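J.:
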Amino acid sequence: MSDLLAHLFALGSLAAAFGLSGYALERVLFRRARLGDLRPLARAALGVLAWMLGLFGLAAAGLLAPGWILGLALASVLAAAIARRCWGGDPGDGDAGAVFAGAALVFTSPFLVLALRPEVSWDASAYHLTLAKRYLAAGGFETVDFNVYAHWPLATELLYAGAMAIQDYTLAKALHYGFGLATLWAAYLGARALHRAESGWLAAPLILANPVLLFELGIAYVDLAYAFFFLCGVLFLAKWRSADDLERAPLWLAGLCGGALAGLKVTGILGAAALGVLVLPRIVARLRAGSPRTAWSHALAFGLPVVLLWLPWLSKAALATGNPVYPLLYDTFGGPDWSAALGEQFAQWQRSIGMGRTLVDYALLPVRVILSGGPAYDHFAGEIGPHWIALVPLAIAFHRLPLARSALAAAGVYFVLWSVGSQQMRFLIPLLPPLALASAAAVTEWITGSARLGTRRRRALQLALLVAATGFALHIGRRPLARAAETLPMLVRQPDRLRAAARTSADRFVDTLPDDARLLLLNTNQGFFLERDYLADSFFEASQIADWLGRAGDVDGVSTALRERGVTHVLVEHRDWGIAWPASLEALLADPERRTPRFRSPDGRFELFELR
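This note's numbering puts the first residue of the sequence shown at 619, with every later residue one more than the last.
1) On the three-state DSSP scale, how would you describe P954?
2) According to DSSP, is D1114 helix, strand or coil?
3) For H794, does the count of other Cβ atoms within 10 angstroms reach 16, so buried, or fall short, so exposed?
4) Tell me which residues share the same chain as P774 and place their Cβ nearer than 6 Å to its Cβ, disregarding the 5 neighbours each side in the sequence.
5) So L896 and R859 are supposed to be a Cβ contact under 8 Å. How far apart are they, rounded?
6) Report yes if the C-beta of G1089 is less than 7 Å from at least one heavy atom of the ligand MN; otherwise report no.
7) Just how far apart, CA to CA, sit S1202 and P942?
8) Alpha helix (DSSP H) containing F833: first to last residue?
9) How about L1109 and S1037: do their beta carbons lie closer than 8 Å?
10) Taking Cβ to Cβ, would you say A809 is nearer than 8 Å to L1055?
11) Over what stretch of residues does the alpha helix (DSSP H) that includes P945 continue unbroken?
12) When we look at the beta-carbon of H1093 and count the other beta-carbons within 10 Å, is it buried (16 or more) or exposed?
13) With distance defined between alpha-carbon atoms, name the residue in C704, A683, L623 nearest to E644.
14) If you count every other CB in all the chains shown that lies within 10 Å of the CB of S1068, and 16 or more means buried, which is it?
15) Using three-state DSSP, classify D713 as helix, strand or coil.
16) In the DSSP assignment, find the beta strand (DSSP E) that holds V1085 and state where it starts and stops.
17) By how many angstroms is the C-alpha of Y944 removed from the C-alpha of F951?
18) Determine, using beta carbons only, whether V731 and A1102 come nearer to each other than 8 Å.
19) Enumerate in chain order the residues of its own chain whose CB-to-CB distance from S957 is below 7 Å, with the five nearest sequence positions on each side excluded.
20) The alpha helix (DSSP H) that contains P658, what's its start and end?
21) Is it true that the stretch 755-765 meets the stretch 727-743, where meeting means three or more beta-carbon pairs spaced less than 8 Å apart?
22) Per the DSSP calculation, D1151 is bridged to which residue(s)?
23) If you reduce the DSSP assignment to three classes, tell me which class T1214 lands in.
24) Where A1205 and S1177 are concerned, what is the direct C-alpha to C-alpha distance, given to the nearest angstrom?
25) List the residues that DSSP assigns as beta-bridge partners of E1225.
26) Is the stretch 738-757 touching the stretch 625-642 in the sense that three or more CB pairs, one from each, lie closer than 8 Å?
27) Between which two residues does the alpha helix (DSSP H) containing I1047 stretch?
28) Go ahead and pull the three-state DSSP assignment for G1247.
29) Is the stretch 922-936 touching the stretch 1133-1143, taking contact as three or more C-beta pairs under 8 Å?
30) Please report the residue range of the alpha helix (DSSP H) in which W803 lies.
31) For the alpha helix (DSSP H) that contains R1018, what are its first and last residues?
32) What residues match up with G921 in a beta bridge as DSSP calls it?
33) Check for me: the alpha helix (DSSP H) holding I837 runs from which residue to which?
34) Would you tell me roughly how many angstroms separate the C-alpha atoms of E1228 and F1127, rounded to the nearest one?
35) Would you call the CB atoms of I1047 and A845 closer than 8 Å?
36) Please state whether DSSP places G640 in a helix, a strand or coil.
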């Protein structure tokens, strides 16, 4: 029980550190802005962004260590105290959605239980948590051979490193849950500021009633952080579009959110572009009206933060690989441990995800995404709720509402950009909150606009719809809720047993190897619990390991290539991913003169060889 309470306290402390940083920045930069109920949201977004930038600076300087991270937290406290003394608080904050936030926390608490499990999900073990762990151990950024992700924007992973410095990796998982909770809170504040508070209450269960989003509440990916900043950007732009040209603060804030998106993942710039489309109509209108200076000031206010916040990640990749968008645009920039053949394999894999790429497939895509999702790649590798088949047309019918117009426009552009890339369902998580807000606004507008309903009947109908939506969300989440109920007793009474079960027998055997051992992983890239250096594929559909060793030639060439990389052991998982391993590698592992068996798991899943 003490372990659980310690994690909850640490998560609250992280939230407080973000909030204090955001408060200081908002008081310095935007205290005169007319943000209304979006002011607390501005502080939250600015605070998280400030920590992302601070941790990037520490990592770049080789100072990513607990002492310096604690110093960053103390600086947040000091900055907030100075800002309050110099400029005071804002009396218009009110409860900042405290009642809603409390209700959302209670409702989603089972998913916090799942987040605090010691288990590590697939991509988290491949890079989200693994890179955070490695950077923290190295004191900053380091080159990770064959790990493409290490050269992509990793702002959320830096936050995970900060959480791991404070406590452990389960706190990092809880932080991703925190982004989901913050997204619900942002939706409520946006509805209260731009439409009606009851729309925010209704939007929350509509957001939660999506299996792909509920799954991510309990793991350490980055899509909920993406959803938070994307929704913030949409809300700030909706505020700006409803104000006059002199009120630029929301536009600057939207640009900062777009820049945060660009620093979250390699596709984050697409989210920034989707936000940018909302700025274009007013820019074009000012150009046509003969006001180019105003038009360019709009473009600068949004575009400059995006570029400035994206540029450090591009520079980092360029310094490490010679390619700012490694391994993309390989024919133009090149890059290590990649090839044109791998680039084509990677592109084919991305194009294969989804249900086709013909014109008919694109025409049917919106319906298929809603009704035909499933666990396999040919069904988008995830599911969203079926309620969108009715709610999206309803939201479009009420598109004249300012909030619905901005939310639908951003979601629509994002969907188009998503459709031409990797059609993985989890990449659609960022558009679910804007769609929920547009739908909720449409429903409440329809109810309040009905002349046949009196005030009491309208309120009763709104309450009934909220109860129905909440019940539907509970139905969608019944399986993870059951898992949480099973997990909580063990998390309270037997946390050590859960931690031990999270590791495989191979993970535990690797602990017995010499400190200077370096592993080559075949058919697996799950390295979070491996306490030794290793080489592994980023993804199996475009295997860099197979490409590298395939070019090494015969068995002697493969042996030499492994020795040059310092490989001393090979860990094989007997699982067929369809990787075309070179025959020379298979011959080496079959030759008793070249390798010595050291470990085989009881179930035969793993084998480990020492190279001679």
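We put the CB at the ideal spot given by N, CA and C, even for glycine. Treat the numbers as computed from the prediction; the structure is a model and nothing was measured.
T.: Short version:
1) coil
2) helix
3) buried
4) The displayed chain sequence assigns Thr, not Pro, to residue 774. Only V840, A843, L882 meet the Cβ criterion.
5) 7 Å
6) The ligand MN is not among the ligands present in this structure, which contains no ligands whatsoever.
7) 34 Å
8) 829-834
9) no
10) yes
11) Here P945 belongs to no alpha helix (DSSP H), and DSSP marks it neither H nor E.
12) exposed
13) C704
14) exposed
15) coil
16) Note, V1085: premise wrong, no beta strand (DSSP E); alpha helix (DSSP H) at 1073-1094.
17) 8 Å
18) yes
19) D1165
20) 657-678
21) no
22) R1136
23) strand
24) 11 Å
25) V1190, R1218
26) no
27) Note, I1047: premise wrong, no alpha helix (DSSP H); not H, not E.
28) The question about residue 1247 has no answer here: the residues shown for the chain are numbered 619 through 1230.
29) no
30) 787-812
31) Here R1018 belongs to no alpha helix (DSSP H), and DSSP marks it neither H nor E.
32) For G921, which the question treats as bridged, DSSP gives no partner whatsoever.
33) Note, I837: premise wrong, no alpha helix (DSSP H); not H, not E.
34) 13 Å
35) yes
36) helix
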